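Below: the structure, in structure tokens.
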Amino acid sequence: MTHAFALQEYLDFAYIAAVVLFMLSLKWLSSPAMARWGVLAGEIGAALAVGATFYNPELIQYKWIVICLIIGAAVGIPLGMVKMTAVPQRTALSHAFGAASAAMIGIAEYYKNTANLTRFEMGEIALEVIIGSLTVTGSLIAAGKLQEILPQRPIVYRGQNIVSLSILGTALALAAALVVNPVQAYLFPVMVVVALIFGIMLVTPIGGADMPTVISLLNSYAGFSAALLGFVLNSKVLIVSGALDGSSGFILSVIMCKAMNRSFTNVMFGAFGQVQAGAAKEKEDRVVRSATAEEAASILEAANKVVVVPGYGMAVAQAQHKVRELYDSLTKRGVDVEFAIHPVAGRMPGHMNVLLAEADVPYDHLKEMDEINGDFPQVDVALVIGANDVTNPAAKTDKTSPIYGMPVLDVEKSHTVMVIKRSMNPGFAGIDNPLYYMNNTLMLFGDAKGFVSNIVKELGGGH
Amino acid sequence: MPADFISNLYLFILAGFVGFELIKRVSPLLHTPLMSLTNALDAIVVVAAIIIAGRHTTPLTTALGAVAVAASFSNMVGGFFITDRMVRMFKTGRPKK
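Protein chains in written order, with the working numbering: chain F, 57 to 519; chain G, 9 to 105.
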């Protein structure tokens with residue numbers, strides 16, 4: 057007995073060490089130079105915690121544990137090797153996995169000692185399982201939309217919010233019934249299924265443009281469900297790790313919401329897209345000026361300062377490596393080239409930075425919106441590649457615009473704006489962009505990758 | 009209300025504040041690796057899953073625990089792996105070249 061107690065203390069020390077390493081891990085992520093140490097600290101902490109758990113005296117069989125750890129590694133390694141463009145859907149999928157394991161452990165806790173559960177414990181389990189379950193299906197839908205298996209457009213119908221909220225209400229009512237009397241075991245699986253359905257209803261109406269917010273919110277739910285599980289199991293390591301993950305997702309969702317000037321409720325219940333159905337309206341004949349790759353190259357060559365504004369279109373066209381070549385050949389000619397990154401550029405927070413870093417663009421040339429917006433009046437050429445709404449000046453001036461109030465990059469203040477675009481069709485969200493009709497704007501019509509490589513050829517650089 | 013609940017609540021609130029302060033300082037350059045890293049850290053639920061799968065109560069709980077072990081461990085392995093790949097890509101323009 058004394059031996060088991062001492063062992064338990066060793067296990068606790070291992071968990072405390074893991075938690076300290078996890079906090080250091082996040083601390084070192086504050087700069088790219090230290091980030092690798094952060095990953096290493098996290099890995100050591102996790103290895104320590106998992107290793108220590110094998111000595112838990114409650115364990116009597118190891119067969120399934122070992123088999124499932126091998127399966128987990130076999131699934132996890134390929135998921136760690138996906139292309140950088142696929143990172144958002146991988147992340148959504150891992151939210152689903154994380155929430156699924158938290159929910160399944162909660163379910164196992166319920167069935168383990170149904171007869172002895174207090175009302176309080178039942179409440180904790182029910183809440184944990186509801187949040188975990190809705191995160192599973194919500195994340196799977198988000199992953200499906202990001203992978204383009206499911207339509208990216210918001211799927212909406214009349215009375216949707218009422219239907220969704222009553223489904224959530226049903227799940228909570230079942231939870232309440234279980235709290236009143238935990239032994240009503242037949243209600244438990246019904247509650248799980250209803251929560252799973254709610255997750256589907258929650259994310260289906262949300263459009264592709266809102267994915268950065270949704271993926272952050274799901275991150276937060278997955279974290280908080282793990283923390284709640286920590287309360288259920290009285291496991292401090294889960295409470296701390298879950299709280300860290302949950303607050304991370306929460307902060308990212310707040311940043312994403314601010315970057316789109318929208319509230320949480322608006323993202324969750326406002327279904328973007330549908331509002332703008334009538335937005336691309338009265339098209340008087342406005343003048344659009346266009347230029348060839350040759351003209352674009354000579355303007356870029358003559359510039360002192362060029363700011364590239366990349367959007368998700370650049371990643372879709374796989375143009376980031378060509379953009380790097382453009383960066384190289386302009387830098388060689390003494391042109392100062394920087395990249396202006398809007399917080400919601402890409403499909404998840406920070407996605408555009410990763411795509412450009414992969415293409416070997418030095419990170420000290422990647423500038424955040426707030427950092428670079430004041431510089432645009434001194435910029436000779438702003439080159440917009442595959443970005444649309446984040447450069448739309450209507451967000452600042454046109455109160456009727458659906459994106460009015462959203463912080464945007466002030467590209468129109470630079471001397472010349474060049475926009476690489478396939479055609480004049482309004483973009484993904486269907487919002488008209490007055491930038492394209494301005495006097496200092498040149499439209500470069502074509503595929504992002506092809507056009508950039510033509511510019512590089514004209515400059516005589518690249519290959 | 010169980011006695012542990014209150015101390016756990018203290019812990020949760022403190023950890024939440026620490027998380028908030030730490031994550032506020034993470035460079036926006038690294039928000040994607042941040043999400044995959046916190047995902048890997050969150051996969052610490054594997055610890056609870058291992059205990060459920062190994063302590064043998066009923067076949068149902070063992071099965072649920074076993075699947076949870078696989079799901080969370082894949083997050084742990086994959087999450088650290090991809091985060092490491094991403095943070096290695098971030099280079100400055102200054103050294104060598």
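Where is the CB? At the ideal position from N, CA and C, for every residue including glycine.
Since we're looking at a predicted model, the values are computed, not measured.
Practice task
Give the residues of chain G in contact with F:ASN275, contact being defined as C-beta atoms less than 8 Å apart.
Solution key: Within the first sequence, residue 275 of chain F is the residue found at index 219, counting from 1. By Cβ distance, chain G contributes MET43, THR46 and ASN47.
Exercise for the section: With a threshold of 16 other CB atoms inside 10 Å of the CB of F:GLN64, please say whether the residue is buried or exposed. Expected result: For the purposes of this step, residue 64 of chain F is taken as residue 8 along the first sequence, with counting starting at 1. When all chains shown are included, F:GLN64 counts as exposed.
Problem - Local conformation of F:GLU114 per DSSP, three classes - result: Start at 1 with the first residue of the first sequence, and residue 114 of chain F comes out as number 58. In the structure shown, F:GLU114 sits in coil (DSSP, three-state: anything other than H, G, I, E or B).
Exercise for the section: Quick one: residues in its chain with C-beta nearer than 7 Å to the C-beta of F:PRO207, no 5 flanking neighbours on either side, listed in chain order? Expected result: As a working mapping, residue 207 of chain F is identified with position 151 in the first sequence. If we look at F:PRO207 and ignore the five residues flanking it on each side, it has no Cβ neighbours.
Exercise for the section: Within the stretch 275 to 318 of chain F, note down every full alpha helix (DSSP H) run reaching 4 residues or more, in order along the chain. Expected result: The qualifying runs are 292 to 315.
Practice task
On a CA-only basis, which of F:VAL75, F:ASP384 and F:ALA438 is nearest F:ASP416? Give me that one, please.
Solution key: For the purposes of this step, residue 416 of chain F is taken as residue 360 along the first sequence, with counting starting at 1. Per the Cα distances, F:ASP384.
Problem - Proximity winner among F:THR472, F:ALA164 and F:THR147, relative to F:SER346 (alpha-carbon distances) - result: Sequence index remark: in the first sequence, residue 346 of chain F carries index 290 (1-based). The residue with the shortest Cα to Cα distance from F:SER346 is F:THR472.
Practice task
Using only alpha-carbon positions, find the residue among F:ASN510, F:ALA164 and F:GLY225 that is nearest to F:ALA375.
Solution key: Stepping through the first sequence from its first residue, residue 375 of chain F is reached at position 319. Of the candidates F:ASN510, F:ALA164 and F:GLY225, the one whose C-alpha sits nearest the C-alpha of F:ALA375 is F:ASN510.
Exercise for the section: Measuring only between beta-carbons, confirm whether F:ASN112 sits less than 8 Å from chain G. Expected result: Indexing the first sequence from 1 puts residue 112 of chain F at position 56. Yes - at least one Cβ of chain G is within 8 Å of the one on F:ASN112.
Problem - chain G residues whose Cβ lies nearer than 7 Å to that of F:GLU424 - result: Mapped onto the first sequence, residue 424 of chain F falls at position 368. Residues of chain G passing the Cβ test: PRO36.
Practice task
Measure the alpha-carbon distance for F:VAL512 versus F:LYS505 and round it to whole angstroms.
Solution key: Residue mapping note: residue 512 of chain F aligns to position 456 of the first sequence, counting from 1. Residue mapping note: residue 505 of chain F aligns to position 449 of the first sequence, counting from 1. Each residue's Cα considered, the two are about 11 Å apart.
Handout entry: Cut-off 8 Å between Cβ atoms - residues of its own chain near G:MET84, not counting five sequence neighbours on either side
Key = Taking the second sequence and counting its residues from 1, the one referred to as residue 84 of chain G is at position 76. Same-chain partners within the cutoff: ALA48, ALA51, ILE52 and VAL54.
Exercise for the section: Could you run through the stretch 154 to 172 of chain F and flag, in chain order, every residue whose CB is less than 7 Å away from some CB of chain G? Expected result: GLY154, ALA156, SER157, ALA158, MET160, ILE161, ILE163, ALA164, TYR167 and LYS168
Exercise for the section: Output, in chain order, the set of chain G residues within a Cβ distance shorter than 8 Å of F:ASP68. Expected result: One-based indexing of the first sequence puts residue 68 of chain F at position 12. What F:ASP68 touches in chain G: nothing, since even the nearest Cβ is about 12 Å away.
Practice task
Measure from the C-beta of G:ILE60 to each C-beta in chain F and report whether the shortest distance is under 8 Å.
Solution key: Your numbering for residue 60 of chain G matches position 52 in the second sequence. Residue-level contact by beta carbon holds for G:ILE60 and chain F, with a gap shorter than 8 Å.
Handout entry: the ligand FAD heavy atom lying under 7 Å from the CB of F:GLN145
Key = By its list of ligands, the structure shown contains no ligand whatsoever, and the ligand FAD lies outside what it can speak to.
Problem - Meets three-Cβ-pair contact criterion under 8 Å: the stretch 227 to 236 of chain F and the stretch 262 to 271 of chain F - result: no
Practice task
Please report the residue range of the beta strand (DSSP E) in which F:VAL106 lies.
Solution key: In the first sequence, residue 106 of chain F corresponds to position 50, counting from 1. Counting along the chain, F:VAL106 falls outside any beta strand (DSSP E), though it belongs to the alpha helix (DSSP H) covering 91 to 109.
Exercise for the section: For my contact list, F:HIS398 and F:VAL446 are in at a C-beta cut-off of 8 Å; report their separation, rounded to the angstrom. Expected result: As a first step, residue 398 of chain F must be located in the first sequence, where it is residue number 342. As a first step, residue 446 of chain F must be located in the first sequence, where it is residue number 390. Confirmed, about 4 Å.
Problem - Beta-carbon gap between F:LEU77 and F:GLY107 smaller than 8 Å - result: One-based indexing of the first sequence puts residue 77 of chain F at position 21. One-based indexing of the first sequence puts residue 107 of chain F at position 51. Cβ distance not < 8 Å, so F:LEU77 and F:GLY107 don't count as in contact.
Handout entry: chain A contact for F:HIS398 (CB, 8 Å cutoff)
Key = Note that chain A does not occur in the displayed structure, where the protein chains are F and G.
Exercise for the section: With 8 Å as the threshold, decide whether the Cβ of F:ARG214 is near any Cβ in chain G. Expected result: In the first sequence, counting from the first residue as 1, residue 214 of chain F sits at position 158. With 8 Å as the cut-off, F:ARG214 does not count as an interface residue toward chain G.
Problem - Helix, strand or coil at F:GLU204 according to DSSP, with G and I counted as helix - result: On the first sequence, residue 204 of chain F is found 148 positions in, with the first residue counted as 1. The answer is coil: DSSP assigns F:GLU204 none of H, G, I, E or B.
Handout entry: Element boundaries [beta strand (DSSP E), containing F:LEU386]
Key = Position 330 of the first sequence, counted from the start, is the residue given in the question as residue 386 of chain F. Careful: F:LEU386 lies outside any beta strand (DSSP E), inside the alpha helix (DSSP H) at 376 to 388.
Practice task
Report yes or no: is there a C-beta of chain G within less than 8 Å of the C-beta of F:GLN117?
Solution key: For the purposes of this step, residue 117 of chain F is taken as the residue at position 61 of the first sequence. So yes, F:GLN117 belongs to the interface.
Problem - Interfacial residues, the stretch 264 to 295 of chain F to chain G, with Cβ spacing under 8 Å - result: ILE271, SER272, ASN275, ALA278, GLY279, ALA282, ALA283, LEU285, GLY286, PHE287, LEU289, ASN290, SER291, LYS292, VAL293, LEU294 and ILE295
Handout entry: Through-space distance from F:LYS201 to F:ALA333, alpha-carbon basis
Key = Mapped onto the first sequence, residue 333 of chain F falls at position 277. Mapped onto the first sequence, residue 201 of chain F falls at position 145. Summary for F:ALA333: the model assigns pLDDT 40, below 50, so the residue's position carries little reliability, and this model does not support an answer.
Practice task
Note down the Cα distance separating F:MET494 from F:ILE459, rounded to an integer number of angstroms.
Solution key: The residue labelled residue 494 of chain F in the question sits at position 438 within the first sequence. The residue labelled residue 459 of chain F in the question sits at position 403 within the first sequence. So the alpha carbons of these two residues sit roughly 19 Å apart.
Problem - For G:ILE14 and F:SER304, believed in contact at Cβ under 8 Å, the rounded distance - result: For this step, residue 304 of chain F is matched to residue 248 along the first sequence. For this step, residue 14 of chain G is matched to residue 6 along the second sequence. Contact doesn't hold; Cβ gap of about 25 Å is too wide.
Practice task
Assign F:ASP420 to one of three DSSP states: helix, strand, or coil.
Solution key: The residue given as residue 420 of chain F occupies position 364 in the first sequence. Assigned with DSSP and collapsed to three states, F:ASP420 falls in helix.
Practice task
Please decide whether G:ILE14 counts as near chain F, where near means a Cβ-Cβ distance under 8 Å.
Solution key: Residue mapping note: residue 14 of chain G aligns to position 6 of the second sequence, counting from 1. So, not an interface residue.
Handout entry: C-beta neighbour in chain F for G:ALA11, strict 8 Å
Key = The residue given as residue 11 of chain G occupies position 3 in the second sequence. Not one chain F Cβ lies under 8 Å of G:ALA11.
Exercise for the section: Give the secondary structure of F:LYS139 by DSSP, where H, G and I count as helix, E and B as strand, and everything else as coil. Expected result: Numbered from its first residue, the first sequence carries residue 139 of chain F at position 83. F:LYS139 falls in the coil class under three-state DSSP.
Problem - 3 or more residues per run - each beta strand (DSSP E) lying fully within the stretch 9 to 67 of chain G - result: none
Practice task
Report, in whole angstroms, the separation of the C-beta atoms of F:GLU180 and F:PHE280, which I expect to be a contact under 8 Å.
Solution key: Counted from its first residue, the first sequence places residue 180 of chain F at position 124. Counted from its first residue, the first sequence places residue 280 of chain F at position 224. 13 Å between Cβ atoms; not a contact.
Handout entry: DSSP three-state assignment for G:LYS105, whether helix, strand or coil
Key = As a working note, residue 105 of chain G is residue 97 in the second sequence. Bear in mind that a pLDDT of 40 at G:LYS105, under 50, signals an unreliable position, so the number given afterwards is only what the model happens to contain. Coil.
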